[in-house]
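A short worksheet on the structure shown next.
Number of protein chains: 2
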Amino acid sequence: MNLADVARRAGVSPATASRALSGHPHVAEVTRARVWEAARALEYVASPEATGLARGTTGRVAVVVPHLARWWFGAALEGLGTVLREGGRDLLLYRLGDAGSRQAFFDELPTRRRADAVVLLGFGVDERERERLDRIGVGIVAAGTRVGSHPSVSIDDHAAGRQAMDHLLHLGHRRIGTIVAADPELDLAQPAGRSSAYRAALADAGITPDPALSVTVTWSPESGARAMGELLGLADPPTAVYAHSDEIALGAVRTLRRAGLRVPEDVSVVGIDDHPLAAMTDLSTVAQPAAEQGELAGRMALAGLAGEPVDPVVTVPTRLVIRGSSGPPQAAGRRWRRS
Amino acid sequence: MNLADVARRAGVSPATASRALSGHPHVAEVTRARVWEAARALEYVASPEATGLARGTTGRVAVVVPHLARWWFGAALEGLGTVLREGGRDLLLYRLGDAGSRQAFFDELPTRRRADAVVLLGFGVDERERERLDRIGVGIVAAGTRVGSHPSVSIDDHAAGRQAMDHLLHLGHRRIGTIVAADPELDLAQPAGRSSAYRAALADAGITPDPALSVTVTWSPESGARAMGELLGLADPPTAVYAHSDEIALGAVRTLRRAGLRVPEDVSVVGIDDHPLAAMTDLSTVAQPAAEQGELAGRMALAGLAGEPVDPVVTVPTRLVIRGSSGPPQAAGRRWRRS
DNA sequence: GTCACGCCTGCAAACGCTTCCAGCGCCCGC
DNA sequence: GCGGGCGCTGGAAGCGTTTGCAGGCGTGAC
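Structure (structure tokens):
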């Protein structure tokens with residue numbers, strides 16, 4: 001099963017067999033064919049350990065993610081995996097589930113000798129971590145966020161937020177709530193652009209933001225439901241809500257329905273993502289291409305490995321998708337009619 | 001950065017350094033401490049290639065999945081990843097996106113020398129593939145499905161289906177449709193138990209199944225929406241629908257809403273999974289623990305690697321979750337009132 | 001008919017770690 | 001006081017590839 005066996009069967013030295021199999025020049029065609037035939041007959045698979053040791057590479061790309069169950073991550077990982085496979089690289093998956101494993105990861109940098117490149121998926125890092133990361137000695141690519149000066153692919157969070165907010169403002173809403181997503185468990189930076197867009201849009205419309213209309217929660221649907229409850233508890237609740245993700249927005253819609261309020265007649269809701277279930281639940285949203293971001297990150301990583309130049313910062317476009325969860329505000333008098 | 005450097009700094013031979021770091025007995029405590037200190041100072045990380053080559057293992061577990069964006073897979077992978085990390089194993093991810101990559105995977109068995117064990121996640125294999133798989137020479141564990149006589153963890157699909165169907169029958173439904181999930185692109189076997197449960201439940205209730213009430217589609221919400229459209233087009237549409245997954249069920253609900261029908265007053269819907277968004281959309285369903293299945297599969301793989309005995313077949317329980325999408329059928333006269 | 005030059009091929013030395021085997025002290029028991 | 005044994009350490013041989021270097025042979029040019 002070893003290269004030596006293949007070489008013996010083909011009647012050549014291991015050196016020649018190696019050259020023949022890995023496509024080096026200066027191997028006679030007839031020899032190459034004989035070696036390949038022998039390899040096929042013996043079902044030979046090179047030991048990646050030995051190859052890696054001799055060549056000083058691993059043939060693997062490490063992917064670091066904070067979550068997997070959330071839609072964006074699964075979709076991005078899917079795109080990334082496809083591209084890496086085409087490039088002949090194996091995908092090593094690291095999930096940093098909590099602050100502890102995150103700390104351990106950046107302290108020990110276990111990927112140091114385990115991969116030829118690292119892709120950070122939806123993972124904002126802080127100053128110290130970036131500094132640590134740079135010592136890893138391999139190429140780093142980020143998707144869904146920016147990481148220092150490393151190549152990255154992401155949406156323009158601010159622009160996406162503006163698309164959502166401008167849509168609501170255009171419909172005539174003046175009192176707009178926002179549900180901000182954060183990741184306290186992982187201490188992940190919240191997408192700053194999505195929040196700044198909220199303030200900027202209000203400012204442009206001449207509206208003074210009410211701090212009570214902004215509530216920060218985790219990324220889950222349940223959190224969204226809870227946040228909406230909080231907003232409904234206000235003396236003067238919003239007529240529209242802009243959520244940082246569809247999953248959160250869907251939670252908000254559920255709370256509204258439970259409260260007997262109609263969407264969008266009583267309260268409009270928009271999210272960000274275009275989650276597959278957003279179409280199913282008629283949720284207005286700002287679509288972002290998740291799989292494509294993963295694919296692009298993969299291509300950038302491969303290009304870096306090949307020594308080709310890579311674009312430092314790629315921004316993929318987002319698109320406002322208007323569905324049934326957003327509409328003009330009702331005349332004040334008709335609001336709060338319990339359906 | 002190499003073991004030799006660490007050894008030199010600690011004033012011992014590489015052999016002793018190796019033993020000290022990998023926790024072998026017969027190393028003086030003081031020596032061990034000195035080696036560890038040197039390793040820490042030099043930020044030493046062992047080369048997995050070299051270790052693997054010398055030891056004949058890889059320290060990696062390959063995970064094979066057909067999808068990532070679907071909820072179950074992300075959640076199961078999350079649980080699996082956590083357990084493998086605790087066990088000190090790296091996770092190598094293989095996604096078999098279409099029939100072509102599937103074929104290639106089983107032909108070439110690329111994981112052969114790349115991992116110490118293989119976990120198949122939600123991946124039913126056929127006879128030929130199983131035969132190929134057995135030649136891989138490493139332990140195989142399946143989650144979410146059974147694979148030959150290999151250890152596996154999954155729910156009892158038939159029992160889960162019965163929970164859903166019995167619930168609908170108990171509510172008084174007699175004309176029950178079913179949306180069967182399949183994966184034609186990957187040629188994945190549909191979960192037979194979920195279909196047999198449909199027939200068995202009807203039989204027990206003395207109802208002759210109407211072939212027109214059973215429509216087979218892919219796992220996506222969009223498919224569910226389309227399937228529901230088909231069922232609504234029947235001369236005598238069902239009063240309840242049992243879908244093979246929540247994602248499909250949610251698609252079905254969307255079609256019903258669009259058609260102006262009320263859920264559950266006009267048509268009841270139940271799914272399987274307890275997807276996080278099922279709670280948000282008030283969908284009745286049969287809950288299955290996805291993350292737990294991943295965790296168990298991980299533990300089984302680790303146990304196998306440690307040479308410990310592993311339970312051949314583990315079945316995790318499912319649980320009927322009654323929410324707002326299922327209720328008793330309306331008296332015939334009141335049905336089809338366009339809300 | 002020579003000579004030089006290329007193509008191919010093989011030898012052997014890495015790559016970085018583990019582990020078998022042997023050796024060296026030291027302690028304990030007689 | 002002496003021998004056996006045990007605890008600890010080092011030497012060296014792999015593990016399976018790749019690749020620099022050198023050599024053999026054929027070919028074309030002169």
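Top to bottom, those sequences are chains Y and H.
Position 240, counted from 1, in the first sequence is what UniProt numbering calls 240; the numbers after and before it change by one each time, with no gaps.
Position 126, counted from 1, in the second sequence is what UniProt numbering calls 126; the numbers after and before it change by one each time, with no gaps.
Ideal Cβ placement from N, Cα and C applies to all residues, glycine included.
Three-way DSSP call (helix, strand, coil) for Y198 (chain Y) in this model: helix
For G233 (chain H) and A117 (chain H), believed in contact at Cβ under 8 Å, the rounded distance: Actually they are not in contact, since the Cβ atoms of A117 (chain H) and G233 (chain H) sit about 48 Å apart, beyond 8 Å.
Under 8 Å from the C-beta of V45 (chain Y): neighbouring residues of chain H: E108, L109, P110, R112, R113
Cross-chain neighbours of L92 (chain H) in chain Y, by beta carbon under 9 Å: R60, D90, L91, L92, L93
Separation of D236 (chain H) from W336 (chain H), as counted between CA atoms: Confidence at W336 (chain H) is low in this model, with a pLDDT of 47, below 50, so the placement of that residue should be treated as unreliable; the coordinate-derived value is given next. Rounded to the nearest angstrom, the two C-alpha atoms are 11 Å apart.
First through last residue of the alpha helix (DSSP H) which encompasses I140 (chain H): That residue, I140 (chain H), is in no alpha helix (DSSP H); its beta strand (DSSP E) goes 139–143.
8 Å Cβ cut-off: residues of chain H touching P276 (chain Y): A69, S220, P221, E222, E247
Collapsed DSSP secondary structure at R60 (chain H) in the structure displayed: strand
Candidates Y:M1, Y:T51, Y:V12, Y:R8: closest to S22 (chain Y) by CA position: Y:T51
Nonlocal neighbours in the same chain, by C-beta distance under 6 Å from H158 (chain Y), ignoring five residues either side: G193, S196, A197
Burial state of H26 (chain H), where buried means 16 or more other Cβ atoms lie within 10 Å: exposed
Under the three-state DSSP convention, the category S18 (chain Y) falls into: helix
Min CB distance S339 (chain Y) to chain H below 8 Å: For S339 (chain Y), the predicted model reports a pLDDT of 43, less than 50, meaning its position is unreliable and no value from the coordinates is stated.
C-beta atoms of L109 (chain Y) and G294 (chain Y) nearer than 8 Å: no
Reference Y175 (chain H); option with closest CA among H:A75, H:V241, H:V35: Here residue 175 (chain H) is Arg; the residue named in the question, Tyr, does not match the sequence. Ranking the options by Cα distance to R175 (chain H), first place goes to H:V241.
Span separating the alpha-carbon of T281 (chain H) from that of E308 (chain H): 44 Å
Collapsed DSSP secondary structure at D126 (chain Y) in the structure displayed: coil
Listed by chain order, chain H residues near A181 (chain Y) by CB distance under 9 Å: Correct list: empty, because the minimum Cβ distance to chain H is about 15 Å.
The alpha helix (DSSP H) enclosing V253 (chain H), as first and last residue numbers: 246–258
Neighbourhood of I155 (chain Y) by C-beta distance below 6 Å, restricted to the same chain and skipping five residues each side: Q288, V316, T318
Through-space distance from G298 (chain H) to A297 (chain Y), alpha-carbon basis: 29 Å
Closest Cα partner of L91 (chain Y) within the set Y:H167, Y:E78, Y:D98, Y:R102: Y:E78
Cross-chain neighbours of M280 (chain H) in chain Y, by beta carbon under 7 Å: P221, A225, L250, G251, R254
Within 8 Å, strictly: CB atoms of L168 (chain Y) and V310 (chain Y): no
Test: T82 (chain Y) CB closer than 8 Å to a CB of chain H: yes
Cα-Cα separation, S47 (chain H) to L277 (chain Y): 44 Å
Where P48 (chain H) meets chain Y, residues with beta-carbon distance less than 9 Å: E49, G52, T58, R113, R114
Contacts that E78 (chain H) makes with chain Y (C-beta to C-beta distance below 8 Å): H67, L68, A69, R95, G97
Unbroken stretches of the beta strand (DSSP E), 3 residues or longer, contained in the region 150–193 of chain Y: 152–155, 176–181
CA nearest to the CA of A243 (chain Y), picked from Y:P191, Y:A279, Y:I136: Y:P191
Helix, strand or coil at G79 (chain Y) according to DSSP, with G and I counted as helix: helix
Delimiting residues of the alpha helix (DSSP H) encompassing L231 (chain Y): 221–232
Whether A28 (chain Y) touches A17 (chain Y) by CB criterion (8 Å): no
Where R95 (chain Y) falls: helix, strand or coil (DSSP): strand
Pairwise C-alpha distance: D98 (chain Y) and L133 (chain H): 35 Å
Residue 409 (chain Y) to E185 (chain Y) span [Cα, whole Å]: Past the boundaries of the shown model lies residue 409 (chain Y); chain Y is included only from 1 to 339, so the question cannot be answered.
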